[in-house]
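Down below is the structure, laid out as structure tokens.
Numbering (this note's numbering), first residue to last: 53 to 351.
Written out as structure tokens, the structure reads:
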């Protein structure tokens, strides 16, 4: 332990650029600092510092020892931060952005559970399917789903879960139209799709050999709201490809039936996105860990 203390003393003197400057920054007399470093040199058997009345610099081996001492000090600071955070309590306002579907299905409920666990946390939840400028809008955390890795210079995107799309229809509609056996059978079904009348989102399917194919539906019912699409499908309006999270309960109770399960598209990744230009607060880090656990439980 004495050697470790002496290494930290050596680091402080090197950072200050000399014994006199280190005395001013630490309040320890320079004579004491000099004796500590001399003792360290004797223990190590090397000269770390070249001393003179007008100059102070590290020897070659002193430079290498300095790098190790710096790493040790950084690790010690990290240990202290970890302990402090374990004793601390998340607090303050967290601004969260998410899609309408996630917010309405489960995220708002999860945030309520998080605030119940951490009473000093306040949350502002913005639900939108449009792009948000996290820095300009002061968003602390965004939850987004993407089929491809997200990357940008000013954000960090951490994977915290997965989601997948399923092709579904109501049980009465399947009885009426017959379950499709191939993608070609989609043409004899009324379809429900996401988008607007002029612009419809394509469906993606993955073939048994791993290739992906797209199908542009010609919908009977189109909406830009996935929950509205689910309600239309439940009422018998047709077949739709929608997120599993939006119809998990209806599939479980038999109101909806999954179709062509062997051709389901590859899963997408749920990302926790936060600005990289500013430090991540303890409350946001705690929330990310909480949400990651919730997505893991839901998988």
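Think of the CB as a built atom: it goes at the ideal place given N, C-alpha and C, for glycine as much as any other residue.
Item to check | Short CB-CB distance (under 7 angstroms) between residue 250 and chain E | outcome: Looking at the structure shown, chain E is missing, and only one protein chain is on hand.
Checklist entry - What are the boundary residues of the beta strand (DSSP E) that residue 217 is part of? => result If you number the chain shown from 1, residue 217 lands on position 165. Here the beta strand (DSSP E) through residue 217 covers 217-222.
Checklist entry - In this structure, what does DSSP give as the bridge partners for residue 292? => result For the purposes of this step, residue 292 is taken as residue 240 along the chain shown, with counting starting at 1. 220, per the DSSP bridge assignment.
Next on the checklist: Taking the alpha carbon of residue 269 as the reference point, which residue from 251, 347 and 315 has its own alpha carbon closest?
Outcome noted: Within the chain shown, numbered from 1, the residue matching residue 269 stands at position 217. Of the candidates 251, 347 and 315, the one whose C-alpha sits nearest the C-alpha of residue 269 is 251.
Item to check | Residue interval of the alpha helix (DSSP H) (run including residue 341) | outcome: Translated into positions along the chain shown, residue 341 becomes position 289. Run containing residue 341: 334-350, per the alpha helix (DSSP H) assignment.
Checklist entry - So does the stretch 332-350 actually touch the stretch 228-242, counting three or more Cβ pairs closer than 8 angstroms? => result Result no; under three Cβ-Cβ pairs closer than 8 angstroms.
Checklist entry - Over what stretch of residues does the beta strand (DSSP E) that includes residue 102 continue unbroken? => result What you label residue 102 is simply residue 50 of the chain shown in a count that begins at 1. 101-103 is the span of the beta strand (DSSP E), which, as asked, contains residue 102.
Checklist entry - How long is the line joining the alpha carbons of residue 53 and residue 120, rounded to whole angstroms? => result Numbered from 1 along the chain shown, position 1 holds the residue referred to as residue 53. Numbered from 1 along the chain shown, position 68 holds the residue referred to as residue 120. Low local confidence applies: a pLDDT of 48 at residue 53 is under 50, so the model's placement there is unreliable, and no value is given.
Item to check | Beta-carbon separation (whole angstroms), residue 255 vs residue 293, contact threshold 8 angstroms | outcome: Position 203 of the chain shown, counting from 1, holds the residue named residue 255. Position 241 of the chain shown, counting from 1, holds the residue named residue 293. Indeed, because the Cβ distance is near 5 angstroms, the residues count as touching under 8 angstroms.
Item to check | Close Cβ partners of residue 181 (< 7 angstroms) along its chain, the five nearest in sequence each way excluded | outcome: On the chain shown, residue 181 is found 129 positions in, with the first residue counted as 1. Excluding positions up to five away in sequence, the list reads 151 and 152.
Next on the checklist: In this structure, how does DSSP classify residue 82 when only helix, strand and coil are distinguished?
Outcome noted: As a first step, residue 82 is located in the chain shown; it is residue number 30 there, counting from the start. DSSP places residue 82 in the helix class (H, G or I) of the three-state scheme.
Item to check | Nearest residue (CA-CA) to residue 285, options 263, 212 and 311 | outcome: The residue given as residue 285 occupies position 233 in the chain shown. Nearest option by C-alpha distance: 311.
Checklist entry - Grouping DSSP H, G and I as helix and E and B as strand, with all else coil, what is residue 326? => result One-based indexing of the chain shown puts residue 326 at position 274. Note: residue 326 maps to strand in three-state DSSP.
Item to check | Three-pair Cβ contact test at 8 angstroms for the stretch 210-221 versus the stretch 319-327 | outcome: yes
Item to check | Proximity below 7 angstroms, CB of residue 274 to CB of residue 247 | outcome: Within the chain shown, the letter at position 222 stands for residue 274. Within the chain shown, the letter at position 195 stands for residue 247. Against a cut-off of 7 angstroms, the Cβ pair of residue 247 and residue 274 comes out as a contact.
Checklist entry - Whose C-alpha, out of 79, 316, 111 and 304, is nearest the C-alpha of residue 98? => result Position 46 of the chain shown, counting from 1, holds the residue named residue 98. Considering only alpha carbons, the answer is 111.
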